[in-house]
């Protein structure tokens with residue numbers, strides 16, 4: 103549906119959400135038929151539309167066929183609409199109620215009623231009129247032909263006065279529009295609205311659908327309806343195009359090791375999902391985020407389903423978190439609700455009101471999957487997506503927890519399909535080995551940031567949450583006792599290796615000392631040998647000199663010249 107399609111002149115109803123899905127309200131100076139079962143909200147819708155118009159200075163007349171106006175006023179007072187003030191100039195009631203005990207004799211038509219309404223319209227200059235319970239009046243006529251005739255009279259009467267009109271009628275059965283009694287009514291109207299009131303999984307659920315709207319585009323789907331203390335509200339998805347504020351600022355998760363895994367923490371205004379089995383520490387991890395956010399002086403709305411606030415504060419003190427101080431300082435609002443006490447849409451409306459009143463920078467919903475107990479999974483999925491969309495539009499960082507589905511403890515699943523739109527998704531699981539159960543954390547996805555793909559052991563201590571460094575052995579990540587035993591074994595082996603190395607060093611030191619002693623002894627022996635060799639060399643030189651002297655003496659005695667061979671000298 104686009105704005106250009108809204109070509110018909112429209113009169114706003116002032117009902118939250120309805121004017122949005124119709125592009126401005128009901129068709130002006132035309133007839134709108136509101137059909138619905140008992141308790142669907144037909145009278146509330148029509149009277150609230152009239153009251154809102156009267157408050158804007160647009161007078162109106164309410165004609166009641168099924169219930170006397172005194173009771174209608176009393177019921178309306180519960181919404182705080184201040185009818186007494188409006189009835190002075192802007193709003194009039196016409197009591198056309200016909201008691202079941204009355205007997206109708208002779209011909210009966212709308213002439214008398216319309217004459218009375220015409221006087222009231224003229225008296226205050228009314229622009230709008232409501233005929234509530236027109237089916238009650240039509241039932242008094244003799245057959246469908248007479249009812250159709252009187253409806254044509256009514257339509258002509260309205261057209262002559264240029265009035266914006268709402269007709270309400272009961273419609274029962276699986277297909278209310280195919281009711282044989284008043285099946286022609288939707289064809290005669292310019293706009294047809296169908297209100298539904300059903301029971302889904304023991305929870306009362308209301309819905310609204312625009313079936314027909316001549317001259318205008320409109321949202322054709324059924325939308326949830328809630329009747330609150332202020333009247334009727336229609337839940338819509340907001341704008342068709344997704345336009346949300348986007349921030350690159352990081353905010354801490356409250357766990358330093360987890361911030362490192364996310365390259366600095368969560369993006370402000372993003373949505374974070376924690377999935378896992380019961381007892382895997384989803385509440386504890388989300389509370390760490392709340393603690394860190396409050397420590398920065400920012401507000402947090404902690405919505406807890408089915409767990410009292412006092413119990414949360416007490417339990418978290420066991421891991422070193424003092425959430426009570428933030429509650430006392432007004433930074434933390436722990437709001438505990440019973441999931442089955444309201445329908446999904448009632449929860450959603452109350453959450454929105456709380457967010458707008460408290461103005462937190464972070465919202466925690468623990469667990470979001472509890473909404474499935476408030477009207478079925480379809481309604482819970484729808485409400486969850488709209489809650490996240492609303493929070494993002496307000497720039498609120500949202501952290502939701504969700505119970506996993508299935509029997510596989512390692513399964514990464516989200517029961518409400520929120521994982522598809524969550525910006526960051528953690529899965530917490532149990533690692534069962536060697537007779538013990540340990541907690542493990544993994545980042546399934548985290549948009550727009552580098553993040554770790556490792557499985558980390560999550561350890562809860564009195565000092566808070568810690569994530570153990572990855573420890574792999576034989577292709578498996580070890581946790582708990584298995585990890586400690588392996589680490590102890592490695593420490594023992596490392597110590598043994600150090601001892602063996604020290605003993606080897608000492609042995610080599612002894613060998614070196616022995617060799618040095620042997621080398622010193624050999625050096626001394628070598629020195630003696632060298633001395634002997636030097637003495638032998640000196641003796642050899644001395645013997646050679648002596649020989650030369652002897653030979654020279656022999657030559658002199660034989661008369662030979664010095665240096666001549668003694669054997670060649672002449673003999674005497």
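In the working numbering, the protein residues as written are 103 to 674. Where a beta carbon is used, it is the ideal one built from N, C-alpha and C, also for glycine.
Which of helix, strand or coil DSSP assigns to residue i
| i | result |
| --- | --- |
| residue 318 | strand |
| residue 440 | coil |
| residue 181 | coil |
| residue 511 | At residue 511 the pLDDT is 44, less than 50, meaning the model places this residue with poor confidence; the figure from the coordinates comes in the next sentence. Note: residue 511 maps to coil in three-state DSSP. |
| residue 120 | helix |
| residue 485 | helix |
| residue 562 | strand |
| residue 245 | helix |
| residue 332 | coil |
| residue 113 | strand |
| residue 660 | helix |
| residue 529 | strand |
| residue 338 | coil |
| residue 570 | strand |
| residue 374 | strand |
| residue 347 | coil |
| residue 326 | strand |
| residue 500 | strand |
Beta-carbon contacts of residue i that lie in its chain and below 7 Å, excluding the five residues immediately before and after
| i | result |
| --- | --- |
| residue 127 | 112, 113, 114, 115, 121 |
| residue 512 | A caution first: residue 512 carries a pLDDT of 46, below 50, which makes its placement in the model unreliable, though a value can still be read off. Closer than 7 Å at Cβ, skipping near neighbours: 531. |
| residue 440 | 408 |
| residue 330 | 451 |
| residue 211 | 252 |
Residue i versus residue j - alpha carbon distance
| i | j | result |
| --- | --- | --- |
| residue 649 | residue 637 | 18 Å |
| residue 509 | residue 466 | Because the pLDDT at residue 509 is just 49, under 50, the model does not fix this residue reliably, and the value given afterwards should be weighed accordingly. Going by the C-alpha atoms only, they are around 26 Å apart. |
| residue 124 | residue 468 | 34 Å |
| residue 398 | residue 426 | 16 Å |
| residue 410 | residue 438 | 6 Å |
| residue 505 | residue 148 | 41 Å |
| residue 270 | residue 555 | 59 Å |
| residue 652 | residue 612 | 60 Å |
| residue 659 | residue 645 | 21 Å |
| residue 413 | residue 480 | 31 Å |
| residue 561 | residue 429 | 26 Å |
| residue 601 | residue 569 | 33 Å |
| residue 640 | residue 606 | 50 Å |
| residue 350 | residue 367 | 11 Å |
| residue 217 | residue 307 | 39 Å |
| residue 592 | residue 424 | 38 Å |
| residue 249 | residue 483 | 43 Å |
| residue 302 | residue 474 | 11 Å |
| residue 534 | residue 388 | 23 Å |
| residue 549 | residue 462 | 23 Å |
| residue 145 | residue 490 | 32 Å |
| residue 553 | residue 386 | 22 Å |
Per DSSP, the bridge partner or partners of residue i
| i | result |
| --- | --- |
| residue 268 | 134, 232 |
| residue 454 | DSSP output for residue 454 lists no bridge partner at all. |
| residue 352 | 369 |
| residue 404 | 436, 466 |
| residue 538 | 535 |
| residue 298 | 309 |
| residue 197 | 166 |
| residue 544 | 529 |
Among the options, the one whose alpha carbon lies nearest that of residue i
| i | options | result |
| --- | --- | --- |
| residue 197 | 171, 211, 222, 603 | 171 |
| residue 567 | 296, 422, 239 | 422 |
| residue 384 | 176, 543, 587 | 543 |
| residue 434 | 178, 219, 304, 400 | 400 |
| residue 564 | 420, 240, 370 | 420 |
| residue 540 | 300, 379, 460 | 379 |
| residue 296 | 141, 587, 604 | 141 |
| residue 396 | 320, 354, 373 | 354 |
| residue 229 | 129, 621, 500 | 129 |
| residue 132 | 256, 616, 176, 442 | 256 |
| residue 536 | 267, 417, 588, 647 | 588 |
Sequence-distant residues of the same chain with beta carbon closer than 8 Å to residue i, five excluded per side
| i | result |
| --- | --- |
| residue 457 | 403, 465, 492, 493, 496, 498 |
| residue 117 | 147, 150, 151, 154, 333, 334, 335, 336 |
| residue 166 | 174, 195, 196, 197, 198, 199, 234, 235 |
| residue 436 | 404, 406, 411, 414, 415, 425, 429 |
Proximal residues to residue i (C-beta, below 6 Å), its chain only, five neighbours per side dropped
| i | result |
| --- | --- |
| residue 328 | 335, 447, 448, 451 |
| residue 272 | 237 |
| residue 352 | 366, 367 |
| residue 377 | 504, 506, 516, 529 |
Any C-beta of chain C under 8 Å from that of residue i
| i | result |
| --- | --- |
| residue 268 | Here there is only one protein chain, and chain C is not present. |
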